[in-house]
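*Asks:* Sharing a structure below in structure tokens format, with a few things to ask.
Number of protein chains: 2
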Amino acid sequence: MNLPDTHPLVDGRTTNAPLIQAFRGERPGITPIWFMRQAGRSLPEYRDLRQGVGMLESCLRPDLASEITLQPVRRHGVDAGIFFSDIVVPLRLAGVDVDIAPGVGPVLGAAVRTSQDVDRLLEKELTDEAMAPVREAVALTVDQLGTTPLIGFAGAPFTLAAYMVEGRPSRDHLAARTMMHADPESWSRLTGWAADVTGRFLRGQVLAGASATQLFDSWAGSLSLADYETHVGPSSARALSHVHGLPVSVVHFGTGTVHLLPAMRSVGADVIGVDYRTPLDEANTLLGGTTPLQGNIDPAYLGAPWPVLEAHVRDVVERGRSAPAHVVNLGHGVPPETDPTVLTRIVELVHSIS
Amino acid sequence: MNLPDTHPLVDGRTTNAPLIQAFRGERPGITPIWFMRQAGRSLPEYRDLRQGVGMLESCLRPDLASEITLQPVRRHGVDAGIFFSDIVVPLRLAGVDVDIAPGVGPVLGAAVRTSQDVDRLLEKELTDEAMAPVREAVALTVDQLGTTPLIGFAGAPFTLAAYMVEGRPSRDHLAARTMMHADPESWSRLTGWAADVTGRFLRGQVLAGASATQLFDSWAGSLSLADYETHVGPSSARALSHVHGLPVSVVHFGTGTVHLLPAMRSVGADVIGVDYRTPLDEANTLLGGTTPLQGNIDPAYLGAPWPVLEAHVRDVVERGRSAPAHVVNLGHGVPPETDPTVLTRIVELVHSIS
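First to last, the sequence lines map onto chains H and P.
Taking my numbering, the leading residue of the first sequence gets 1, the next gets one more, and so forth.
Taking my numbering, the leading residue of the second sequence gets 355, the next gets one more, and so forth.
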């Protein structure tokens, strides 16, 4: 099964959008830009819409998820929408007892710690039927976006597994990394399950109209290269196998991953997202000069006076010229307290210097 | 002023202890080992002692701080005591309104955000008088330790400043890193103040009997190399200037710092502590093969079956042979849930294979 005739990459709406060109490794007429977490708490229109609506509910109501995805595209004139969702949405859709606690993050009803816990988890799966609200939200969004591509969103299996084993957000994911060494068989079954769930979640978004995808391995930076290659990379590759054969680029991103960049590419990524710690020219060297890059304005500059921020953005664009292609982004998500007018100004600046 | 005649490095008690030899770059007869956070929550005798006693109180009561420092030395037979304290203790001693909230960490009465906040902070200082309980605790401890050296403990100015600007623990220290770029003048005054406070705290421990020191820059890994060199390194160098001229080695440690190792050495460190993410032979290469290393058993292995853990410890010792000298440690602190008998077994193993 390939893409339907009405898909924006098939009817041609997004085929030559600057973002899609850059993800293919070309240099479009302008340097494309979008912001991780552009849809969300930095926007007053988002906060209005979320009044009295829980986070997961807002992800699973197609009208809301679509409108939230579109808000930053309208406001900032960015070159892509990123599907509004959360890393744990596919877990919820597969029947896992998980919610997002305000001010805390994802909290599971019961942490997955033992082989028996994994057995119980493996009875669940993400069905096509459960994906209906996601497909609907994507279709609604793509209809409105026109020639602006939508990027599909999913969390990588390690990050999903870390949430499931810890039961809540943690600093160093020690319980998850302990399972990896203490019970590698359970770890492998757990991450394999997570790979299929998140892979299907991503595939569903693409079939419904997304023109590219991004896999977020938020916590991969807590791993050594050896552990990544042995215990994590294979499940990320399995997740991405669900979109192989579909004509969409895959961006792969994590923070604190300077030691993992080539390994994160080798699981099947086309584009590497670089966090703010590693200058793009260095990242390009680490990757052998062959991979389109995305990034990496440091969010810590967003509160600085404009001349300081402008110089930093220009430096990011300049260093990005070393890579085969470059999509400007932040080197981490938009902080909630960001003044959104600053983001709009960055978009104008990046488009003007391209 | 140099060390008093009764200091263990002057009367010779610790001068040729394996730890001190290794820190000097020599290869002693056994490979020395200690554990970051060996004093603390993993020990039942510690939990007994802390019943009804707040964290900062336990650091500031000389009898308690000394006993807690000694407990793991007696139990595990490690090659050093690490002075039981907390990164924010010198702030409290300087009159800053800070406490350690159980399950949260350091919380300030008021975050330091503006130039005026920094002005008010600069009216405070760490006096010799305020250091009395620290000196007393160190003296009590050194009397009991005999030929086992005590390592003095302090947090680096960036990590202290991050707590002060955020007002509480945070994931990416964004408020602190924003001040760095938005108001570099206030940032510089703040970290300069923190450097003198933490430097005096370290110097006081050395004069009272510590035979080595470790500076913890827990959050340095959140920085790019450029930001570290411009906005952080100078204050760490200023902190360490307080112990220059004293005949003690300085260990410098942070997590997620693979991109910062040479920069963290260049502020005046003699030994680099390596976190669990970077194999010691790679760290040694990054440092040009000239620096004694400390580390880096991954705490995630502490819950694994003994043969798996043993193989990992042997691998760490083997990779450590590439460096000029090696002190075995964890690549992060002892997790609270660690079975302490496992730590004792690691000490026996490391001493047996040396």
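Note that CB positions come from ideal geometry on N, CA and C, so glycine has one too.
Can you tell me which of ASP581/P, THR567/P, TRP541/P, HIS613/P puts its alpha carbon nearest to the alpha carbon of LEU594/P?
*Replies:* Residue 594/P sits at position 240 when you count from the first residue of the second sequence. Of the listed residues, the one whose Cα sits closest to LEU594/P is THR567/P.
*Asks:* If you draw a straight line from the alpha carbon of PHE35/H to that of GLY406/P, how long is it in whole angstroms?
*Replies:* For the purposes of this step, residue 35/H is taken as the residue at position 35 of the first sequence. For the purposes of this step, residue 406/P is taken as the residue at position 52 of the second sequence. Pairing PHE35/H with GLY406/P, the inter-Cα distance amounts to about 48 Å.
*Asks:* Can you find at least 3 beta carbon pairs, one from the region 178-194 of chain H and one from the region 644-661 of chain P, that sit closer than 8 Å?
*Replies:* yes
*Asks:* In whole angstroms, what separates the C-alpha of MET131/H from that of VAL104/H?
*Replies:* Counted from its first residue, the first sequence places residue 131/H at position 131. Counted from its first residue, the first sequence places residue 104/H at position 104. C-alpha separation (whole angstroms): 26 Å.
*Asks:* Please report the distance separating the alpha-carbon of PHE377/P from that of GLU691/P.
*Replies:* Against the second sequence, residue 377/P aligns to sequence position 23. Against the second sequence, residue 691/P aligns to sequence position 337. Computed Cα separation, rounded: 30 Å.
*Asks:* Are GLY521/P and LEU462/P closer than 8 Å when you measure CB to CB?
*Replies:* Residue 521/P sits at position 167 when you count from the first residue of the second sequence. Residue 462/P sits at position 108 when you count from the first residue of the second sequence. Yes, Cβ-Cβ distance for GLY521/P and LEU462/P is below 8 Å.
*Asks:* Tell me whether LEU697/P sits in a helix, a strand or coil according to DSSP, three-state version.
*Replies:* Counting from 1 along the second sequence, the entry for residue 697/P is found at position 343. Residue state, collapsed to three classes: helix.
*Asks:* Give a yes or no on whether the C-beta atoms belonging to LEU64/H and LEU49/H are separated by under 8 Å.
*Replies:* Within the first sequence, numbered from 1, the residue matching residue 64/H stands at position 64. Within the first sequence, numbered from 1, the residue matching residue 49/H stands at position 49. Their beta carbons are under 8 Å apart, which means LEU64/H touches LEU49/H by this criterion.
*Asks:* Taking LEU150/H as part of the beta strand (DSSP E), name the residues at either end of that continuous run.
*Replies:* Position 150 of the first sequence, counted from the start, is the residue given in the question as residue 150/H. Unbroken beta strand (DSSP E) run through LEU150/H: 150-155.
*Asks:* Using 8 Å as the Cβ pair cut-off and three pairs as the minimum, do the region 130-144 of chain H and the region 196-209 of chain H touch?
*Replies:* yes
*Asks:* Could you check if PRO372/P is buried or exposed, using at least 16 other CB atoms within 10 Å of its CB as the buried criterion?
*Replies:* Start at 1 with the first residue of the second sequence, and residue 372/P comes out as number 18. So PRO372/P counts as buried.
*Asks:* Determine whether the beta carbon atoms of ALA508/P and PRO444/P lie at a separation below 8 Å.
*Replies:* Residue numbering aside, residue 508/P sits at position 154 when the second sequence is read from its first letter. Residue numbering aside, residue 444/P sits at position 90 when the second sequence is read from its first letter. Their beta carbons are under 8 Å apart, which means ALA508/P touches PRO444/P by this criterion.
*Asks:* In this structure, how does DSSP classify PHE377/P when only helix, strand and coil are distinguished?
*Replies:* Your numbering for residue 377/P matches position 23 in the second sequence. The answer is helix: DSSP assigns PHE377/P an H, G or I state.
*Asks:* Tell me the rounded alpha-carbon separation between GLU479/P and VAL551/P.
*Replies:* By one-based count along the second sequence, residue 479/P stands at place 125. By one-based count along the second sequence, residue 551/P stands at place 197. So the two alpha carbons sit approximately 7 Å from each other.
*Asks:* Compare the C-alpha of VAL73/H against each of THR344/H, SER352/H, GLY333/H, SER235/H and name the closest.
*Replies:* The residue labelled residue 73/H in the question sits at position 73 within the first sequence. Nearest C-alpha to VAL73/H: THR344/H.
*Asks:* Would ARG200/H be called buried (16 or more neighbouring beta carbons within 10 Å of its own) or exposed?
*Replies:* The residue labelled residue 200/H in the question sits at position 200 within the first sequence. By the neighbour-count rule (16 or more Cβ atoms within 10 Å), ARG200/H is buried.
*Asks:* Can you tell me the Cα-Cα spacing of HIS173/H and ARG120/H, whole angstroms?
*Replies:* Taking the first sequence and counting its residues from 1, one reaches residue 173/H at position 173. Taking the first sequence and counting its residues from 1, one reaches residue 120/H at position 120. Approximately 22 Å, taken between the alpha carbons.
*Asks:* If LEU634/P and VAL628/P are in contact, beta carbons under 8 Å, what's the gap, nearest whole angstrom?
*Replies:* To locate residue 634/P, count along the second sequence from 1; it is residue 280. To locate residue 628/P, count along the second sequence from 1; it is residue 274. Confirmed, about 6 Å.
*Asks:* Does VAL334/H get closer than 8 Å to chain P when you measure Cβ to Cβ?
*Replies:* Here residue 334/H corresponds to residue number 334 of the first sequence, with the count starting at 1. Output row for VAL334/H: interface = no.
*Asks:* Cβ of PRO456/P less than 8 Å from any chain H Cβ?
*Replies:* The residue you call residue 456/P lines up with position 102 of the second sequence. It does not: the Cβ of PRO456/P has no partner Cβ on chain H nearer than 8 Å.
*Asks:* Under 8 Å, with one C-beta from each stretch per pair, do the region 640-654 of chain P and the region 393-401 of chain P reach the 3-pair mark?
*Replies:* no
*Asks:* Near SER540/P, what residues of its chain come up, given a Cβ to Cβ distance below 6 Å and the 5 sequence neighbours on each side ignored?
*Replies:* Residue 540/P sits at position 186 when you count from the first residue of the second sequence. Scanning its chain for C-beta atoms nearer than 6 Å, with the 5 sequence neighbours on each side dropped, one finds around SER540/P the residues SER469, VAL472, in chain order.
*Asks:* Check ASP117/H in the structure and name its three-state DSSP category.
*Replies:* By 1-based counting over the first sequence, the position of residue 117/H is 117. Helix, per DSSP.
*Asks:* Say whether chain P places a C-beta atom closer than 8 Å to the C-beta of SER224/H.
*Replies:* As a first step, residue 224/H is located in the first sequence; it is residue number 224 there, counting from the start. Judged by the 8 Å Cβ criterion, SER224/H is in contact with chain P.
*Asks:* In chain order, which continuous runs of the beta strand (DSSP E) of length 3 or greater are located wholly inside the region 486-535 of chain P?
*Replies:* 504-509
*Asks:* Note down, in chain order, all residues in the region 273-294 of chain H with a beta-carbon under 8 Å from any beta-carbon belonging to chain P.
*Replies:* Those residues of the region 273-294 of chain H that come within reach of chain P (Cβ to Cβ, closer than 8 Å) are TYR276, ARG277, THR278, PRO279.
*Asks:* Report back the beta-carbon spacing between ALA220/H and PHE158/H to the nearest angstrom; my notes put them in contact at under 8 Å.
*Replies:* Indexing the first sequence from 1 puts residue 220/H at position 220. Indexing the first sequence from 1 puts residue 158/H at position 158. That pair is a contact at about 6 Å.
*Asks:* Taking the Cβ atom as the reference point for each residue, do GLY209/H and PRO8/H lie within a distance shorter than 8 Å?
*Replies:* As a first step, residue 209/H is located in the first sequence; it is residue number 209 there, counting from the start. As a first step, residue 8/H is located in the first sequence; it is residue number 8 there, counting from the start. Cβ distance < 8 Å, so GLY209/H and PRO8/H count as in contact.
*Asks:* So, helix, strand or coil for THR338/H, using DSSP?
*Replies:* Within the first sequence, numbered from 1, the residue matching residue 338/H stands at position 338. DSSP places THR338/H in coil when its eight states are reduced to three.
*Asks:* Using only CA atoms, which one of GLY25/H, GLY331/H, GLY268/H lies nearest to SER236/H?
*Replies:* One-based indexing of the first sequence puts residue 236/H at position 236. When each option's Cα is compared against that of SER236/H, the closest is GLY268/H.
*Asks:* At which residues does the alpha helix (DSSP H) containing SER42/H begin and terminate?
*Replies:* Taking the first sequence and counting its residues from 1, one reaches residue 42/H at position 42. Per DSSP, SER42/H belongs to no alpha helix (DSSP H) and is neither H nor E.
*Asks:* Between PRO149/H, ARG41/H, ALA156/H, which has its C-alpha nearest ASN16/H's C-alpha?
*Replies:* On the first sequence, position 16 is the one that residue 16/H refers to. Among PRO149/H, ARG41/H, ALA156/H, the Cα nearest to that of ASN16/H is on PRO149/H.
*Asks:* Name, in chain order, the residues that DSSP records as bridge partners for VAL251/H.
*Replies:* Numbered from 1 along the first sequence, position 251 holds the residue referred to as residue 251/H. According to DSSP, which records beta bridges pairwise, VAL251/H is partnered with GLN214/H, VAL271/H.
*Asks:* How is the beta strand (DSSP E) around ASP453/P delimited, first residue to last?
*Replies:* Within the second sequence, the letter at position 99 stands for residue 453/P. Run containing ASP453/P: 452-455, per the beta strand (DSSP E) assignment.
*Asks:* For LEU569/P versus VAL466/P, is the C-beta spacing smaller than 8 Å?
*Replies:* Here residue 569/P is taken as the residue at index 215 of the second sequence, counted from 1. Here residue 466/P is taken as the residue at index 112 of the second sequence, counted from 1. Contact: no.
*Asks:* Mind checking whether THR385/P and VAL682/P have CB atoms under 8 Å apart?
*Replies:* Residue 385/P sits at position 31 when you count from the first residue of the second sequence. Residue 682/P sits at position 328 when you count from the first residue of the second sequence. Yes. Within cutoff.
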